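**Q** Numbering (this note's numbering), first residue to last: 20 to 356.
The C-beta atom is built at its ideal place from N, Cα and C for all residues, glycine as well.
This structure is a prediction, so every number in the text was calculated from the model and none was measured.
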Ligand code: KG4
Ligand code: ZN
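1) How many angstroms separate the CA atom of residue 145 from the CA atom of residue 243?
2) I need the residues with a C-beta less than 5 Å from some heavy atom of the ligand KG4; please give them in chain order.
3) For the segment 303 to 337, which segments carrying the beta strand (DSSP E) assignment without a break, of at least 3 residues, lie completely within its bounds, in sequence order?
4) According to the Cβ coordinates, are residue 202 and residue 216 closer than 8 Å?
5) Got a sec? Which residues, its chain only, sit under 6 Å from residue 20 by beta carbon, not counting five neighbours each side?
6) Start and end of the beta strand (DSSP E) containing residue 38?
7) Quick check: does the Cβ of residue 46 come within less than 7 Å of any heavy atom belonging to the ligand ATP?
8) Check the C-beta distance from residue 74 over to residue 106 and give it rounded, since I have them as a contact under 8 Å.
9) Using only the alpha-carbon positions, how far apart do residue 172 and residue 179 sit?
10) Examine the ligand ZN and report whether any of its heavy atoms sits within less than 7 Å of the Cβ of residue 293.
11) For residue 212, name the three-state secondary structure that DSSP assigns.
12) Would you list the residues sitting across from residue 172 in a DSSP beta bridge?
13) Quick one: grab the DSSP three-state call for residue 265.
14) Cutting at 6 Å between CB atoms, please list the residues of its own chain near residue 37, excluding the five before and the five after it.
15) Measure the Cβ-Cβ separation of residue 97 and residue 84 and say whether it is below 8 Å.
16) Going by C-alpha to C-alpha distance, which of 165, 126 and 190 sits closest to residue 57?
17) Considering only residues of the same chain and omitting the five flanking positions on each side of residue 160, which have a CB-CB separation below 6 Å?
18) Residue 263 and residue 188: beta carbons closer than 8 Å?
19) Counting along the chain, where does the beta strand (DSSP E) carrying residue 21 start and finish?
20) Rounded to a whole number of angstroms, what is the C-alpha to C-alpha distance between residue 139 and residue 312?
21) With a CB to CB cut of under 8 Å and the five nearest residues on each side skipped, what residues in its chain are close to residue 194?
22) If we cut at 8 Å on Cβ distances, does residue 302 have a partner in chain B?
23) Decide if the segment 266 to 273 is in contact with the segment 290 to 310; the criterion is three or more beta carbon pairs, one per stretch, under 8 Å apart.
24) From 54, 343, 346 and 220, pick the residue whose C-alpha is nearest to that of residue 197; which is it?
25) Can you check DSSP and say which residues form a bridge with residue 151?
26) For residue 182, does the three-state DSSP call read helix, strand or coil?
27) Alpha carbon to alpha carbon, how far is residue 310 from residue 185? Give it in angstroms, no decimals.
28) For residue 28, I'd like the list of residues in its chain whose CB is within less than 8 Å of its CB, leaving aside the five on either flank, ordered along the chain.
29) Could you tell me how far apart the beta carbons of residue 289 and residue 317 are, in whole angstroms, since I believe they sit closer than 8 Å?
30) Just grab the DSSP bridge partners of residue 75 for me.
31) Going by C-alpha distance, which of 321, 354, 355 and 337 is nearest residue 78?
32) Here's the rule: buried if 16 or more other CB atoms are within 10 angstroms of the residue's CB, otherwise exposed. What is residue 219?
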């Protein structure tokens, strides 16, 4: 079965084709970073208009790259939430309309379920059950994953998501949007011993997290120095260390609380190599193993949407032709397949 996936929840337009026998056949991502950069963040109306421009050309590209005709596609999966309402509606309208005109089923996909299942596209995928850490621009979630669609929250950020904290701190350091990757690059040159940022909410039990205080800590630290290049690099390093350490401590608790030995880490921030190293050293001590998506499938993409949708379509989960999106959609509302 060949599934066409469409992702348009935020500032990436992406289309992919996943084959349930042969795996990922093709995927394309158009990033809107340049479009939003001068505003320092995503402008929803500009995002929607750009999705309209790019979705169909990208669909043609992935069909060609996979050597497929439209008649070869057996189903369509599109992100129905959470995300920006206008942006989601573009993907939903195109997904539903193509499915209707090609006379094939279509299915709604939860964006975060897509991230959660992204490591399944790798050669050595994890087996259920496992603990998942989802770290993106909008979410920081620790989840007990019993099976596909069976998600129980163990902990979450009570304020800013980890990616959001990266983006805000990067802005403070004068780095351009989106800040995560540029802050990580700057942190490489920083001295790890100069500043020590707190590890929020690690001095009490539990798996909930808080990252907004780190940004405030960065503001205050910045105010106490001259703001030279080396000051900024040292602050970036201290910030990145604090996020990585805090996430590792919370993941260790999740593994110990559940007795599980597999940790899936996904979402944009999982691209961070420093975080991966920190998690891997914790995992080695716990006798556990980490599963990450390949670098280009950490951030938003349609391969994960096509994959997650394919699993639902295989179970007969095609939805009707209504075009509905859910800008807010708690992941634990999903039900086991
Ligand atoms: O999953 P994603 O592409 O979109 C959402 O669903 O939110 O995640 C985007 C987030 C942004 O906050 C971005 O700054 C962050 O992931 N990010 C990173 C890195 N690459 C992307 N944060 C830290 N280090 C990175 N290398
Ligand atoms: Zn995402």
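**A** So, from the data block:
1) Sequence index remark: in the chain shown, residue 145 carries index 126 (1-based). Sequence index remark: in the chain shown, residue 243 carries index 224 (1-based). So the alpha carbons of these two residues sit roughly 46 Å apart.
2) 155, 156, 157, 182, 185, 186, 197, 199, 200, 203, 286, 287, 288, 290, 291, 318 and 319
3) 308 to 310
4) Locating residue 202 in the chain shown gives position 183, where the first residue counts as 1. Locating residue 216 in the chain shown gives position 197, where the first residue counts as 1. Taking 8 Å as the Cβ cut-off, residue 202 and residue 216 do not qualify as a contacting pair.
5) For this step, residue 20 is matched to residue 1 along the chain shown. For residue 20, same chain residues with a beta-carbon under 6 Å away, outside a window of 5 residues either side, are 39 and 93 in chain order.
6) Locating residue 38 in the chain shown gives position 19, where the first residue counts as 1. Note, residue 38: beta strand (DSSP E), 31 to 38.
7) As far as ligands go, the structure on display features the ligand KG4 and the ligand ZN and does not contain the ligand ATP.
8) For this step, residue 74 is matched to residue 55 along the chain shown. For this step, residue 106 is matched to residue 87 along the chain shown. That belief does not hold up - the Cβ atoms of residue 74 and residue 106 are roughly 11 Å apart, past 8 Å.
9) One-based indexing of the chain shown puts residue 172 at position 153. One-based indexing of the chain shown puts residue 179 at position 160. Near 17 Å, if we compare the C-alpha coordinates of residue 179 and residue 172.
10) Translated into the one-based positions of the chain shown, residue 293 becomes position 274. False, no ligand heavy atom lies under 7 Å from that Cβ.
11) Residue numbering aside, residue 212 sits at position 193 when the chain shown is read from its first letter. Three-state DSSP puts residue 212 in coil, outside helix and strand.
12) If you number the chain shown from 1, residue 172 lands on position 153. Paired residues: 162.
13) Counting from 1 along the chain shown, the entry for residue 265 is found at position 246. DSSP places residue 265 in helix when its eight states are reduced to three.
14) Walking along the chain shown from the start, residue 37 turns up at place 18. Taken in chain order, the residues that qualify are 22, 43, 325, 326 and 329.
15) In the chain shown, the residue the question calls residue 97 occupies position 78. In the chain shown, the residue the question calls residue 84 occupies position 65. Their beta carbons are not under 8 Å apart, which means residue 97 does not touch residue 84 by this criterion.
16) Residue 57 sits at position 38 when you count from the first residue of the chain shown. Answer by Cα proximity: 190.
17) Translated into the one-based positions of the chain shown, residue 160 becomes position 141. Hits under 6 Å: 153 and 175.
18) As a position in the chain shown, residue 263 is number 244, starting the count at 1. As a position in the chain shown, residue 188 is number 169, starting the count at 1. For residue 263 and residue 188, no; Cβs fall outside 8 Å.
19) Working through the chain shown from its first residue, we reach residue 21 at position 2. Run containing residue 21: 21 to 26, per the beta strand (DSSP E) assignment.
20) The residue given as residue 139 occupies position 120 in the chain shown. The residue given as residue 312 occupies position 293 in the chain shown. The alpha-carbon atoms of residue 139 and residue 312 are separated by roughly 8 Å.
21) One-based indexing of the chain shown puts residue 194 at position 175. Same-chain partners within the cutoff: 201, 202 and 205.
22) Of the protein chains in this structure there is only one, and it is not chain B.
23) yes
24) Position 178 of the chain shown holds residue 197. Of 54, 343, 346 and 220, the residue nearest in Cα terms is 54.
25) Walking along the chain shown from the start, residue 151 turns up at place 132. The partner list for residue 151 (beta bridge, DSSP) reads 162 and 283.
26) Counted from its first residue, the chain shown places residue 182 at position 163. In this structure, residue 182 counts as helix in the three-state DSSP scheme.
27) The residue labelled residue 185 in the question sits at position 166 within the chain shown. The residue labelled residue 310 in the question sits at position 291 within the chain shown. Whole-angstrom Cα-Cα distance: 22 Å.
28) Here the question's residue 28 lines up with position 9 in the chain shown. 98, 100, 101, 102, 103, 106, 107, 110, 130 and 319, listed in sequence order.
29) Locating residue 289 in the chain shown gives position 270, counting from the first residue. Locating residue 317 in the chain shown gives position 298, counting from the first residue. Sure, about 5 Å apart at Cβ, within 8 Å.
30) Here the question's residue 75 lines up with position 56 in the chain shown. In DSSP, residue 75 forms no bridge with anything.
31) Start at 1 with the first residue of the chain shown, and residue 78 comes out as number 59. Per the Cα distances, 321.
32) Here residue 219 refers to the residue found at position 200 when the chain shown is read from its first residue. Residue 219 should be labelled buried.
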